[in-house]
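A.B. asks: In my numbering, the protein residues as written are 240 to 405. Dropping a structure here in structure tokens format, bear with me for questions.
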């Protein structure tokens, strides 16, 4: 079964995905890195040169063609409504959750995240909207608040065992 990690920027999707893939001896892909490879430019440059909508199209295409076992998605993966439905049917969606204030501290000043440059109130509103969407599409929600990536992976594995997934 394919596992998709979703969550707001700074939740640790890439780190947790890499560790989870290692723990399960499964293939892992960071969708943002895949997009950068295919586009042959940084995500921040795609945003600047082509705009967010163009990036989201690249992201949706990369998602649907990626065949890894564990996939760390970008924070805005649910930009298009149909992507959420596609994710739910394509595998297990795990939402890595932390309160906005904690995530905001993690992403503040990170120039590699174009969306992180938005004003505080705009980011908070974006978080609130995305939080609703993540909860709607996810099969599991795992809190990453005050947890190390290793503890988060252990929690995911524990919840997976409880689900008795093949």
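Beta carbons: idealized from backbone N, C-alpha and C, even for Gly.
Check whether the stretch 280 to 297 and the stretch 334 to 342 touch, using three or more Cβ-Cβ pairs below 8 Å as the test.
C.D. replies: Output reads no: the stretch 334 to 342 does not touch the stretch 280 to 297.
A.B. asks: How would you label residue 389, buried or exposed, when you count the other beta carbons within 10 angstroms and need 16 or more for buried?
C.D. replies: Counting from one through the chain shown, the residue named residue 389 turns up at place 150. That one is exposed.
A.B. asks: What did DSSP end up calling residue 382 once you bin it into helix, strand or coil?
C.D. replies: Walking along the chain shown from the start, residue 382 turns up at place 143. Of the three classes helix, strand and coil, the one that applies to residue 382 here is strand, per DSSP.
A.B. asks: In the DSSP assignment, find the alpha helix (DSSP H) that holds residue 332 and state where it starts and stops.
C.D. replies: Within the chain shown, numbered from 1, the residue matching residue 332 stands at position 93. Per DSSP, residue 332 belongs to no alpha helix (DSSP H); it is in the beta strand (DSSP E), 331 to 336.
A.B. asks: Where does residue 244 fall in DSSP's three states?
C.D. replies: The sequence position of residue 244 within the chain shown is 5, counting from 1. Correct three-state label for residue 244: strand.
A.B. asks: For the beta strand (DSSP E) containing residue 268, name the first residue and the last one.
C.D. replies: Position 29 of the chain shown, counted from the first residue, corresponds to residue 268. Residues 267 to 269.
A.B. asks: Thinking just about the alpha-carbon of each residue, which of 340, 264 and 279 is nearest to the one in residue 271?
C.D. replies: Locating residue 271 in the chain shown gives position 32, where the first residue counts as 1. For the residues 340, 264 and 279, the minimum Cα distance to residue 271 belongs to 279.
A.B. asks: Do the stretch 359 to 377 and the stretch 259 to 278 touch if we need at least three Cβ pairs shorter than 8 Å?
C.D. replies: No, they do not touch.
A.B. asks: With distances taken between CB atoms, is the gap from residue 267 to residue 251 smaller than 7 Å?
C.D. replies: Along the chain shown, one-based indexing puts residue 267 at 28. Along the chain shown, one-based indexing puts residue 251 at 12. Taking 7 Å as the Cβ cut-off, residue 267 and residue 251 do not qualify as a contacting pair.
A.B. asks: Please report the residue range of the alpha helix (DSSP H) in which residue 372 lies.
C.D. replies: Here residue 372 is taken as the residue at index 133 of the chain shown, counted from 1. Its alpha helix (DSSP H) spans residues 359 to 376.
A.B. asks: If you run the structure through DSSP and keep just helix, strand and coil, what is residue 250?
C.D. replies: Taking the chain shown and counting its residues from 1, the one referred to as residue 250 is at position 11. Reduced to three states, the DSSP call for residue 250 is coil.
A.B. asks: At the level of alpha carbons, what is the spacing between residue 286 and residue 315?
C.D. replies: Along the chain shown, read from residue 1 onward, the residue named residue 286 stands at position 47. Along the chain shown, read from residue 1 onward, the residue named residue 315 stands at position 76. Cα to Cα, residue 286 sits roughly 13 Å from residue 315.
A.B. asks: From which residue to which residue does the alpha helix (DSSP H) around residue 285 run?
C.D. replies: In the chain shown, residue 285 corresponds to position 46, counting from 1. From DSSP, the alpha helix (DSSP H) with residue 285 extends over 282 to 289.
A.B. asks: Once the 5 residues before and after residue 326 are set aside, which same chain residues still bring their CB inside 6 Å of it?
C.D. replies: What you label residue 326 is simply residue 87 of the chain shown in a count that begins at 1. Taken in chain order, the residues that qualify are 243, 332 and 376.
A.B. asks: Rounded to a whole number of angstroms, what is the C-alpha to C-alpha distance between residue 384 and residue 297?
C.D. replies: As a first step, residue 384 must be located in the chain shown, where it is residue number 145. As a first step, residue 297 must be located in the chain shown, where it is residue number 58. If you take the alpha carbons of residue 384 and residue 297, they lie about 30 Å apart.
A.B. asks: Between the Cα of residue 284 and the Cα atoms of 371, 351 and 269, which residue gives the shortest distance?
C.D. replies: As a position in the chain shown, residue 284 is number 45, starting the count at 1. That would be 351, whose Cα lies nearest to the Cα of residue 284.
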